[in-house]
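Residue numbers (the working numbering): 22 to 334.
In this text, a Cβ means the ideal position worked out from N, Cα and C, and glycines have one as well.
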């Protein structure tokens, strides 16, 4: 239900872009809030998916492919149907957020590797590089707990730190230069949601027996995106603090207005929606996975064709 709600809100926002005359009776804030709420919903789904997936590189490729497909449709709509798009589509933000998470993971994991190497420097057997070169199987391992490289090859710690810094730099530059949807705020929203979805201790390990009401709440939360109340509270506090900080920074003199607009706080609407609406727990089929990435470009294509048919003499 949470994913379907995101599709409905996205369709409302996109329809307002292609056919603004249909929404003249509504306040302009309603379609805008629908778009921000949809961004927040899919940002939470993306952060949760980044925790579950085993191939972040393929995750990135799917998102960036869908982003370019949608971007091509919006470019044609702007050229031939005169449809105005204030920013590049949100799929670019989702894809670059995966790259940003990968860069941060590289820096964190490689820093830990450097510490471990320093602690075991006296162990010659572990530092025998010739043994590692003789056994190619040693080169393949999950990278820092988050496999982001093709074939999951492990790199040297120093090279990993440099690659992580370059990845973060390119990601932030592309977001600001190309004006991806929701900008730095959107990227930070996804990264912090990814942190909020980290694994929590099993609540059943506590010695205090839970009440009947608490058991019922846990069972209901297990059907939602968060799966437990601690993850929801963590996401609510972190993302609310992020929104407050960006709102205050955007009021400083000299700060670009695209840094964050106040209506972007509508992304927080996704939190109560994700708290009350259930999530699909079954592993997505191939058809459903393809539909997830093709909904936005397909919707924009259909609306673009309808707009051309209406305006044609």
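A straight-line Cα-Cα distance of about 14 angstroms links residue 27 and residue 36. For the pair residue 300 and residue 258, the CB atoms are not nearer than the 8 angstroms cut-off. Residues 245 of the same chain have their beta carbon placed closer than 8 angstroms to that of residue 297, with the five preceding and five following residues left out of the count. Counting C-beta pairs with one atom in each stretch, the region 44-51 and the region 89-106 have fewer than three that are closer than 8 angstroms, which means they do not touch.
When DSSP states are grouped into helix, strand and coil, residue 301 belongs to the coil group.
DSSP, reduced to helix, strand and coil, places residue 89 within a helical segment of the structure shown.
In this structure, residue 212 lies away from residue 126, with their beta-carbon atoms at least 8 angstroms apart.
Judged by DSSP in its simplified three-state form, residue 201 adopts strand. For the 8 angstroms CB-CB criterion, residue 61 and residue 288 form a contact. For the pair residue 185 and residue 243, the Cα-to-Cα distance works out to about 34 angstroms. In terms of CA proximity to residue 318, 86 leads the group 189, 283, 86. Exclusion of the five residues before and after residue 206 leaves 267, 281, 285 as the residues of its chain whose Cβ lies within less than 7 angstroms of its Cβ. For residue 109, the secondary structure class from DSSP, reduced to helix, strand or coil, is strand.
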